[in-house]
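A.B. asks:
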Amino acid sequence: MNIGGRKLLGEILIEHGLITPEQLQEALDVQANTKEKIGTILVHLGYLSEPNLMAVLEFQLGIPYVNIAKTPVEPQIAQLISENLALRYKIIPIGKRGSKLILAMVDPLNVFAIDDIRISTGNDITPVLAAETDIMMAIKQYLGVKESFDKMMEDYGPEVETRSEEEEIDEIIEEGPIVKFVNSMIAQAVASRASDIHVEPQDREVVVRYRIDGILHKAMSSPRKTQAAILSRLKIMANMDIAEKRIPQDGRIPIKVEGKEIDLRVNSLPTVHGEKIVMRILDKSGSLRPIDALGMQPNMVETFRELIKQPYGMLLITGPTGSGKTTVLYSVLQELNDQETNIISVEDPVEYTLAGINQVNVNTKAGLTFASGLRAILRQDPDVVMVGEIRDPETVSIAIGAALTGHLVLSTLHTNSAAATITRMMDMGIEPFLISSSIIGVMAQRLVRKICPHCKEAYQISPALAKRLGVEDDLTFYRGKGCRLCNNTGFQGRIPVQELLVYNQEIKDMVLARASTDEIERAAVLTGMQTLRMDGIAKARAGLTTLEEAMTVISIN
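Position 13 (the sequence shown) corresponds to 13 in the working numbering; numbering is contiguous.
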């Protein structure tokens, strides 16, 4: 039986062996009472998977299927309709193609839904097919913020400015609109793959920005009258002093978002318009990467592994804030972790809990600093010591002492290159002979945006630029054109650009002679080191990143 020449869904499912006639009959019996669509019933009964249902519907209807779970949705586009309208029809706008609005629908043949959205948005509609669970999750992620914001503005009218601080706090603690707005803001940031959330008070509004792939994007703004409530709610969640607004504070928010264990490292900073809050997002449920998945070139992986197998000495990972230094250290700890090795770390804060490793959280208020924690660790008979960050001369002196007395010490430092580490440590008062005898290697890295694989295209650079880069044999490089899957940025994700300086005897002698950073780098290149510049160009040539992106973090000139 068919209607208008099109086979019924049940017939197609049976023909493809996805369900049995008996299962279809059971679903039809349920449909007689519930009036639900047959495909939805079969999924709920467990007889059919949602991906299989989508594949068959795409074939049956001739309408393309979009996997929303793997498709970045533009929040501004999604928020063209209300949450109530989206829930009523189980739809969500996911992008635009010219003047047409692309509308993801569970039922793309629902002309009433299409007409309603055409009238409410003023746009022509291009319907696409999407799974119900994906659409419902997207509605929660992208429209939950809008609905909670609208509700917040209803409840927080002009009188909010005259409320006392006690009334504000009482309101915030309750399950009110501010609570829902803040929770939605965090959930949307996680869904957008953001690494940081910036809440910035301005003259007339509070601006919320997300850092995605290293670039800040404005996500939303709220009137100035909601500032006190939003900031107070975040400080309550982070266990910070809500009454203290004159000095910076640090806090932490453990939270679960869509089943993921998320840890937010929170910092407040007084500004002329009020406290600015920045939250670093740490996905604790994310899996740690093995060393060979850290983006290093194969020969660098081999050399790096030789360094971490040394019985003693100091290995440093350097780079700016947010360049993935701690990720590298955790990968090293994971590789060294076994029953025969006593590994202890002192961190601020502990980002991932590793089974079998003794991890210590810095607590400055209680007097537990990197330096005091490191002193205590050395009395715990360690084999490997990880210091989250070297911040002062005292910490580096103790760490060098540990490296010289039979311990493998791992830590991070803020420098511009691997060779510049020597100058930085000398500036901290460390004598060259101590640097020469303790450090075994330094890896410097930066993060660059990765070209979107869905819209990558090749192009030719000019012969003059190729000559400056030293790649005259091949003028081909790559870039992203920009597509819906990367929000028209041409990028998706980030990769590291790295250099690894091994302290061989020649380098140690140069350190003792107080050679310059440039002299040490030139000597290291002659012995096989690939500089940040060289690695950046190599990864641009391989199509992993663009030449322009590499030039933003390294010197190509």
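Using N, Cα and C, we set each Cβ at its ideal position, and we do this for glycine too.
Rounded to a whole number of angstroms, what is the C-alpha to C-alpha distance between K391 and R541?
C.D. replies: Reading off the sequence shown, one finds Arg at residue 391, where the question assumed Lys. Roughly 36 angstroms separates the two Cα atoms.
A.B. asks: Less than 8 angstroms between the beta carbons of I247 and I255, yes or no?
C.D. replies: No.
A.B. asks: I need the straight-line Cα distance from K37 to P75, nearest angstrom please.
C.D. replies: 29 angstroms
A.B. asks: Excluding five sequence neighbours on each side, which residues of the same chain lie with their C-beta closer than 8 angstroms to the C-beta of R224?
C.D. replies: Same-chain partners within the cutoff: P201, Q202, D203, R204, E205 and V206.
A.B. asks: Since V442 contacts T412 with CB under 8 angstroms, what's their CB separation in whole angstroms?
C.D. replies: About 10 angstroms separates the two Cβ atoms, so there is no contact after all.
A.B. asks: If V448 and E519 are in contact, beta carbons under 8 angstroms, what's the gap, nearest whole angstrom?
C.D. replies: V448 to E519, Cβ: 27 angstroms. No contact.
A.B. asks: In chain order, what residues of the same chain lie with their CB nearer than 6 angstroms to the CB of A130, ignoring the 5 residues before and after it?
C.D. replies: V66, I68 and A104
A.B. asks: Return yes when the Cβ of L48 is within less than 8 angstroms of the Cβ of L13, no when it is not.
C.D. replies: It is a contact, given that the beta carbons lie within the stated cut-off.
A.B. asks: Pick out whichever of F477, E457, G470 and A418 has its Cα sitting closest to the Cα of V511.
C.D. replies: A418
A.B. asks: Distance, Cα to Cα, R280 vs Q188?
C.D. replies: Cα to Cα, R280 sits roughly 14 angstroms from Q188.
A.B. asks: Less than 8 angstroms separating the beta-carbons of D116 and L85?
C.D. replies: yes
A.B. asks: Quick one: Cα of S268 to Cα of D250, how far?
C.D. replies: 7 angstroms
A.B. asks: How big is the Cα-Cα spacing for Q498 and R479?
C.D. replies: 21 angstroms
A.B. asks: Okay, do the segment 369-389 and the segment 397-408 touch, 3+ Cβ pairs below 8 angstroms being the bar?
C.D. replies: Yes, the segment 369-389 touches the segment 397-408.
A.B. asks: Output the boundary residues of the alpha helix (DSSP H) element that contains S437.
C.D. replies: P432 to S438
A.B. asks: I believe Q445 touches G324 by the beta-carbon criterion, under 8 angstroms. Please report the beta-carbon distance rounded to the nearest angstrom.
C.D. replies: 6 angstroms
A.B. asks: With distances taken between CB atoms, is the gap from L53 to E26 smaller than 8 angstroms?
C.D. replies: no
A.B. asks: Along the beta strand (DSSP E) that carries R558, what are the first and last residues, could you check?
C.D. replies: Nothing about residue 558 can be read from this structure; the chain reaches only from 1 to 557.
A.B. asks: Quick check on DSSP: helix, strand or coil for Y65?
C.D. replies: strand
A.B. asks: Which residues does DSSP pair with T412 in a beta bridge?
C.D. replies: I317
A.B. asks: Which whole-angstrom value is the C-beta distance of A194 and Y210, which I expect to be below 8 angstroms?
C.D. replies: That belief holds up - the Cβ atoms of A194 and Y210 are roughly 4 angstroms apart, short of 8 angstroms.
A.B. asks: Less than 7 angstroms between C-beta atoms, sequence neighbours within five positions excluded: which residues of the same chain meet that for Y310?
C.D. replies: Going by the sequence as given, residue 310 is Gln instead of Tyr. A distance below 7 angstroms between beta-carbons, with the five flanking residues on each side excluded, links Q310 to the following residues of its chain, in chain order: L408 and I440.
A.B. asks: Excluding the five sequence neighbours on either side, which residues of its own chain have a C-beta within less than 6 angstroms of the C-beta of E472, listed in chain order?
C.D. replies: Close CB contacts of E472 within its chain, under the 6 angstroms cut and outside five residues either way in sequence, are with A466 (chain order).
A.B. asks: Exposed or buried, which one is T318 when buried takes at least 16 other CB atoms within 10 Å?
C.D. replies: buried
A.B. asks: Within a Cβ cutoff of 7 angstroms, which residues of the same chain sit near T545, ignoring the five residues on either side of it in sequence?
C.D. replies: V448, R449, K450, I451, I495 and K539
A.B. asks: Would you kindly work out how many angstroms separate the C-alpha atoms of L532 and M300, rounded to a whole number?
C.D. replies: Our two residues, L532 and M300, have alpha carbons roughly 13 angstroms apart in a direct line.
A.B. asks: According to DSSP, which residues form a beta bridge with Y589?
C.D. replies: One cannot answer for residue 589 here, as it falls past the ends of the chain, which runs 1 to 557.
A.B. asks: Over the uninterrupted alpha helix (DSSP H) stretch that includes N33, give me the two end residues.
C.D. replies: If you look at N33, you'll find it in the alpha helix (DSSP H) that goes P21 to T34.
A.B. asks: How is the beta strand (DSSP E) around V346 delimited, first residue to last?
C.D. replies: I343 to E347
A.B. asks: Cα separation between C483 and I94?
C.D. replies: 12 angstroms
A.B. asks: Specify, as a first and last residue, the run of the beta strand (DSSP E) that T126 falls within.
C.D. replies: D124 to L129
A.B. asks: Roughly how many whole angstroms lie between the Cα atoms of K508 and L434?
C.D. replies: 10 angstroms
A.B. asks: Starting from M279, follow the beta strand (DSSP E) in both directions and report where the run begins and ends.
C.D. replies: It spans G274 to D283 - the beta strand (DSSP E) in which M279 sits, taken as one unbroken run.
A.B. asks: Do you know how far the Cα of F477 is from the Cα of H454?
C.D. replies: 16 angstroms
A.B. asks: What is the rounded straight-line gap between the Cα of E602 and the Cα of V208?
C.D. replies: Shown here, the chain extends from 1 to 557; a query on residue 602 therefore has no answer.
A.B. asks: Could you tell me the distance, in whole angstroms, from the CA atom of E11 to the CA atom of I357?
C.D. replies: 57 angstroms
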